[in-house]
DNA sequence: GCCAACGTTGGC
DNA sequence: GCCAACGTTGGC
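Residue numbers (full-length UniProt numbering): 1 to 145.
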């Protein structure tokens, strides 16, 4: 399964609020970029994404899961863009952008290469490295499933 | 269809 | 608060 990373400014939507939304989750609206849209459309139910706080915090702070595939974004007047529904899975000990940039195995991460893209793919290797940096071993992660 | 002007994002 | 990078808009 593919892995992703979604970004949000905590001032507008924080991981804490995502957690408060509970198992029912919430829609991830507001994407107005065609590249990000392509990734949203590629997301499958059950796939997981890192939740990244931009501007304030600048760190991966949790994991969310796709619970509803791509559908129209009712807040988009142009009708061109859509969204998915996400629910919080669990929080992570924050992995800061600073540490990500200093990790050679993450040098090709989209977060490093194209910091403005708000929805990004994450490779399996990058996913594991970030989890490792959060202090979780792969075996722990797999034991949880 | 090109490209200058403008707006937005997000790191610093 | 600044500004680089990137997207979008609109005149031609």
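All residues carry an ideal CB built from backbone N, CA and C; glycine is no exception. This structure is a prediction, so every number in the text was calculated from the model and none was measured.
Excluding five sequence positions before and after residue 29, the CB atoms of its chain that fall closer than 7 Å to its own CB belong to 73, 75, 83, given in chain order.
By the beta-carbon neighbour count (other beta carbons within 10 angstroms, threshold 16), residue 20 is exposed.
In terms of CA proximity to residue 52, 98 leads the group 98, 105, 79. In the DSSP annotation of this structure, the continuous segment of the beta strand (DSSP E) that includes residue 120 starts and ends at 119-122. Around the C-beta of residue 56, fewer than 16 other C-beta atoms lie within 10 Å, and the residue is accordingly described as exposed. The beta carbon of residue 120 lies closer than 6 Å to those of 5, 110 in the same chain, with the five residues before and after it left out. The beta-bridge partner set that DSSP reports for residue 8 consists of 53. Sequence-distant partners of residue 43 (beyond 5 residues in either direction) whose C-beta falls short of 6 Å from its own C-beta, in its chain, are 66, 84. The residues 51, 61, 62, in chain order, have a CB closer than 6 Å to that of residue 15 in the same chain once the five nearest residues on each side in sequence are set aside. A distance of 8 Å or more separates the beta carbons of residue 96 and residue 134.
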